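When you read off a place in the sequence shown, starting at 1, and then add 10, the result is the number in the numbering used here. Note that CB positions come from ideal geometry on N, CA and C, so glycine has one too. Being a predicted model, the structure only gives us computed values, none of them experimental.
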Amino acid sequence: MKIGITCYPSMGGSGIIATELGIKLAERGHDIHFITSNIPFRIRKPLPNITFHQVEVNQYAVFQYPPYDITLSTKIAEVINEYDLDLLHMHYAVPHAVCGILAKHMSNKDIKIMTTLHGTDITVLGYDHSLKNAIKFGIEGSDIVTSVSQSLAEQTYDIIETDKRIVPIYNFVREKEFPVKPDQPTQDDDRLKSCYGIKPDEKVLIHVSNFRAVKRIDTIIDTFAKVHQALPSKLILLGDGPELMDMKKKARDLGIEDAVLFLGKQNWVSEFYQISDLVLLLSEKESFGLTLLEAMKSGVVPIGSSAGGIKEVIKHDETGFIVDVGDSTQASEYAIQLLTDIKLYKNIQQNMLKDVSARFSSDLIADQYEYYYKKMLEGNND
């Protein structure tokens, strides 16, 4: 198949999944065409069967703002005709699905369109009345719509009020990108710990996000403060965003600033998972939680909130633990229990690794997308 993929090329979860899926499909022999503003950051070298088409937006005095949507639609239409694409896979309803529909009309080709909903396009933009109809148009104008969790599908029905069938297909991580950490630390692990002042006897908790209020990093720091009081430990916070300075102040106010490591954005997150014992994702809203899955695939046991898709990723008391949003006391109790009971930790970890392999493997998820691609091309969108 010749597949056009449009996504945000940045480090966000939607861009990561779109890129990794494209790489996986290219490895299976499909011709993949990324149509984006920049090369997706997960593409670090030339890869067979992958072509990148850059969308360049010129600034004209007649426009108050650069006309990205129109330029993107035009570029997609050009690629459809030039490379005789079979289908488009749009990641996000707005603007990408809408641009794909417009490009379809521009190309005069009955190209099939799949749209994947990742969360923000529904849980944030969907509440904006100026965008709701556009989101609904993008969804209902697509041949098949998928979502990264059942929770997000249900939210879409409630917020957008569409009758379009939405197929949940979970996210995945490519196995070689996130190897399972060994039972004993390697020399590289020891060097990384030493680099950041983490002592051999200290337990390591980790959180990765864009530091927005919805991520509830305040709850994570409150949770860690209780854990740190009970046993030697460090908290690694990877990422950057509007909550960063407030969270640094919070750590200072709690007297744990030396134990909370704000390490900013990191390209090689997998190396930090190798030295971590627990991953925390205690968000107020979360459509899936890709960083959670990345850590779990690496062998890091999770504690998550009951928000959205998190409870679909973690099976409570089997592959990790779930707490109510904002409940730092319960989260800390689970954390201390896991970090002090080796037998419990190993049992949860083994269950987790089996479950991740069974439900979130790259081959399984790629198979599901291929199945629905074929259904679209056959004209069967049910």
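- Contiguous beta strand (DSSP E) elements confined to the region 132-202 occur at 154-157, 176-178, taking only those with 3 or more residues.
- By the beta-carbon neighbour count (other beta carbons within 10 angstroms, threshold 16), Cys17 is buried.
- The Cβ-Cβ distance between Ser308 and Phe188 falls below 8 angstroms.
- Apart from sequence neighbours up to five positions away, the residues of its chain that approach Tyr206 with a beta-carbon distance below 6 angstroms are Leu271, ordered along the chain.
- His115 counts as exposed, since fewer than 16 other C-beta atoms from the protein chains shown sit within 10 angstroms of its C-beta.
- The three-state reading of DSSP puts Gln276 in coil, since its state is none of H, G, I, E or B.
- Note: Gln378 is not bridge-paired with any residue in the DSSP secondary-structure output.
- In the DSSP assignment, Met124 falls within the beta strand (DSSP E) that extends over 122-127.
- In this structure, the straight-line span from the alpha carbon of Asp268 to that of His238 is close to 11 angstroms.
- Within its own chain, the residues whose Cβ lies closer than 6 angstroms to the Cβ of Ala107, once the five positions on either side in sequence are excluded, are Met100, Thr125, Gly148, Ser152, listed in chain order.
- At a Cβ-Cβ threshold of 8 angstroms, Gly336 and Gly314 do not count as neighbours.
- Pairing Ser157 with Glu322 gives a Cβ-Cβ distance that is not under 8 angstroms.
- Counted as a single uninterrupted DSSP element, the beta strand (DSSP E) harbouring Ile246 occupies residues 243-248.
- Looking at the backbone, the Cα of Asp250 and that of Gln69 are separated by about 29 angstroms.
- In the structure shown, Met11 falls within a coil segment according to DSSP collapsed to helix, strand and coil.
- Apart from sequence neighbours up to five positions away, the residues of its chain that approach Val65 with a beta-carbon distance below 7 angstroms are Ile45, Thr46, Ser47, Thr81, Leu82, Lys85, ordered along the chain.
- Scanning its chain for C-beta atoms nearer than 8 angstroms, with the 5 sequence neighbours on each side dropped, one finds around Ile231 the residues Leu245, Met257, Lys260, Ala261, Leu264, Ile266, Val270, in chain order.
- In the DSSP assignment, Leu97 falls within the beta strand (DSSP E) that extends over 97-101.
- In this chain, the beta strand (DSSP E) harbouring Lys213 covers 213-218.
- Looking at the DSSP output, Gln64 sits in a beta bridge with Thr46.
- For Val335, no beta strand (DSSP E) run applies, since DSSP gives it neither H nor E.
- Counting only residues of its own chain and dropping the five nearest sequence neighbours on each side, Tyr167 has a CB closer than 8 angstroms to the CB of Ile176.
- In the same chain as Phe62, and ignoring 5 residues on each side of it, the C-beta atoms closer than 7 angstroms to its own belong to Phe44, Ile49, in chain order.
- Approximately 6 angstroms separates the beta-carbon atoms of Leu354 and Leu348; this is inside 8 angstroms, confirming the contact.
- For Leu57, there is no enclosing beta strand (DSSP E), since its DSSP letter is neither H nor E.
- Residue burial annotation: Arg38 is exposed, with fewer than 16 other C-beta atoms found within 10 angstroms of its C-beta.
- Under the DSSP assignment, Ile90 falls in the alpha helix (DSSP H) whose first and last residues are 78-93.
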